[in-house]
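**Student:**
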Amino acid sequence: MKHSVLVAIGTSFISAQSVMAEVDQKPLFSLGGVSISGYADLSYFDDETNSGSFARADIDLTYLPNHSPSSFSLGFSLGFDGARQSGSGGINSGVFYPAVLFDFGNSGRVSVGAPRSVMNRGYIPTTVFALNSRLDLQLSPFTDSVVPYLALAGDYHPYGIRYDTAFGNTEIGISFNRISDSGLDADFYAMAFSHRFESSGRMPELDLFGAVERIDTGTLNTRNYSLGIEASFDNMDVGFRIDERNLPLDTRTAELYGRMQFTTALSTSASVININPDIGSSVTVYGIAVEYLFVNNTYFNASYSDGSNGVPRNIDLSVGWRF
Numbered sequence: 014m015k016h017s018v019l020v021a022i023g024t025s026f027i028s029a030q031s032v033m034a035e036v037d038q039k040p041l042f043s044l045g046g047v048s049i050s051g052y053a054d055l056s057y058f059d060d061e062t063n064s065g066s067f068a069r070a071d072i073d074l075t076y077l078p079n080h081s082p083s084s085f086s087l088g089f090s091l092g093f094d095g096a097r098q099s100g101s102g103g104i105n106s107g108v109f110y111p112a113v114l115f116d117f118g119n120s121g122r123v124s125v126g127a128p129r130s131v132m133n134r135g136y137i138p139t140t141v142f143a144l145n146s147r148l149d150l151q152l153s154p155f156t157d158s159v160v161p162y163l164a165l166a167g168d169y170h171p172y173g174i175r176y177d178t179a180f181g182n183t184e185i186g187i188s189f190n191r192i193s194d195s196g197l198d199a200d201f202y203a204m205a206f207s208h209r210f211e212s213s214g215r216m217p218e219l220d221l222f223g224a225v226e227r228i229d230t231g232t233l234n235t236r237n238y239s240l241g242i243e244a245s246f247d248n249m250d251v252g253f254r255i256d257e258r259n260l261p262l263d264t265r266t267a268e269l270y271g272r273m274q275f276t277t278a279l280s281t282s283a284s285v286i287n288i289n290p291d292i293g294s295s296v297t298v299y300g301i302a303v304e305y306l307f308v309n310n311t312y313f314n315a316s317y318s319d320g321s322n323g324v325p326r327n328i329d330l331s332v333g334w335r336f
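This note's numbering numbers the first residue of the sequence shown as 14 and each following residue consecutively.
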């Protein structure tokens with residue numbers, strides 16, 4: 014099972030149906046110790062080789078009552094990551110991430126159960142290329158922790174422990190996840206950080222972020238890396254990141270992306286990404302998207318993407334709700 018999942022990941026790269034832009038994962042809803050972040054959308058896609066509908070949900074719910082910087086609080090979190098595509102092909106599964114939270118205020122927070130990897134959530138900007146969640150999922154093995162993609166593609170159930178803390182404008186997290194299911198036995202160790210440089214004079218607000226992930230399957234021991242920076246202006250965000258992945262394939266990725274807000278409801282995004290594997294030709298993909306926000310952060314997106322070396326032209330129309 015482990016081999017078939019990794020082959021499927023490699024096949025998705027060779028067929029070059031992948032791409033990327035941005036979704037803010039800061040909680041939109043927070044009341045009485047309950048906060049919800051993430052998004053859910055339904056889209057129609059046409060990528061020259063296939064067309065149909067695609068549903069995607071990536072949501073985190075946290076309950077932490079009586080939270081205080083100077084005292085202990087006990088709570089829980091529940092994440093859900095799922096995808097479903099019409100017709101044949103694609104990933105059609107969902108994974109839950111439940112965890113018990115031990116919050117020690119300024120001393121940090123421990124999550125036990127099935128927490129998300131720190132390389133997947135909390136430190137590295139959560140992005141969706143050209144606001145197209147289907148293509149973003151196909152790209153994720155080359156820009157994200159390998160844990161969530163393996164969980165979805167192989168219907169695995171990871172478990173582990175995570176620790177998060179902060180020192181001023183610097184946030185640091187470490188996590189351990191394990192998958193021991195259906196023939197796959199692997200350990201995933203990750204460390205991530207983010208640091209915010211406050212806006213000063215003409216200088217924009219800057220966010221520096223990075224992560225490293227170690228993967229140990231017993232017969233294979235390798236690492237993945239991410240490093241990037243984002244700049245926030247009055248009505249525009251610009252980011253650049255580089256990623257090196259040694260599993261599932263040896264690849265190096267560079268991406269430049271931006272987002273401009275024209276009004277409180279209307280914005281546009283653009284990205285270009287280059288994936289350079291050790292075996293085969295490099296692939297460059299570009300995408301543009303327009304988004305219109307309705308009430309309560311519901312939205313409509315229209316996106317277009319294309320690229321080199323066989324990357325299909327892709328048109329995607331979606332409606333959704335960002336939490």
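C-beta: ideal position from N, C-alpha, C; glycine also.
1) Mind checking which residues open and close the beta strand (DSSP E) that includes Asp194?
2) When burial is assigned at 16 or more other CB atoms within 10 Å of the CB, is Val20 buried or exposed?
3) With distances taken Cα to Cα, identify the nearest neighbour of Leu221 among Met132, Gly51, Ile242 and Leu87.
4) Excluding the five sequence neighbours on either side, which residues of its own chain have a C-beta within less than 6 angstroms of the C-beta of Ser99, listed in chain order?
5) Please look up how many angstroms separate the CB atoms of Phe89 and Ala112, rounded, as I've assumed it's under 8 angstroms.
6) Taking the CB atoms as reference points, tell me whether Met204 and Ala224 lie closer together than 8 angstroms.
7) If you check the beta carbons only, do Pro161 and Asn133 fall under 8 angstroms apart?
8) What did DSSP end up calling Arg265 once you bin it into helix, strand or coil?
9) Over what stretch of residues does the alpha helix (DSSP H) that includes Pro161 continue unbroken?
10) Which class does Leu144 belong to by DSSP, given the choice of helix, strand or coil?
11) Considering only residues of the same chain and omitting the five flanking positions on each side of Arg129, which have a CB-CB separation below 7 angstroms?
12) Between Gly214, Thr230, Ser124 and Gly121, which lies nearest to Val159 when the distance is taken from Cα to Cα?
13) Answer with buried or exposed for Leu233, where buried requires no fewer than 16 other C-beta atoms within 10 angstroms of its C-beta.
14) Identify which residue in Arg69, Ile192, Tyr312 and Pro138 has its Cα closest to the Cα of Asp250.
15) Given a threshold of 16 other Cβ atoms within 10 Å of its Cβ, counted over all protein chains shown, does Asn322 qualify as buried or as exposed?
16) Could you tell me the alpha carbon to alpha carbon distance between Ala244 and Thr281, rounded to whole angstroms?
17) Give me the residue from Phe58, Asp73, Asp59 and Asn63 with the minimum Cα distance to Tyr52.
18) To the nearest angstrom, how far is it from the Cα of Leu269 to the Cα of Val285?
**Tutor:** Looking at the atomic coordinates:
1) Per DSSP, the unbroken beta strand (DSSP E) holding Asp194 starts and ends at Thr183 to Asp194.
2) Low local confidence applies: a pLDDT of 34 at Val20 is under 50, so the model's placement there is unreliable, with the coordinate-based value given in what follows. Here Val20 is exposed: its Cβ has fewer than 16 other Cβ atoms, across all protein chains shown, within 10 Å.
3) Ile242 is the residue among Met132, Gly51, Ile242 and Leu87 whose C-alpha sits nearest the C-alpha of Leu221.
4) Cβ within range, chain order: Gly65 and Ser66.
5) Phe89 to Ala112, Cβ: 7 angstroms. Contact.
6) Yes, the pair counts as a contact, with Cβ atoms nearer than the cut-off.
7) Contact flag set, yes.
8) Correct three-state label for Arg265: strand.
9) For Pro161, the enclosing alpha helix (DSSP H) starts and ends at Val159 to Gly167.
10) Helix, per DSSP.
11) Gly92 and Tyr110.
12) It is Thr230 whose Cα lies nearest to the Cα of Val159.
13) By the 10 Å Cβ count, Leu233 comes out exposed.
14) Among Arg69, Ile192, Tyr312 and Pro138, the Cα nearest to that of Asp250 belongs to Pro138.
15) Asn322 comes out exposed.
16) Looking at the two C-alpha atoms, the distance is approximately 16 angstroms.
17) Distance from the Cα of Tyr52 is smallest, within the candidate group Phe58, Asp73, Asp59 and Asn63, for Asp73.
18) Inter-residue distance for Leu269 and Val285 is about 6 angstroms (C-alpha atoms, whole angstroms).
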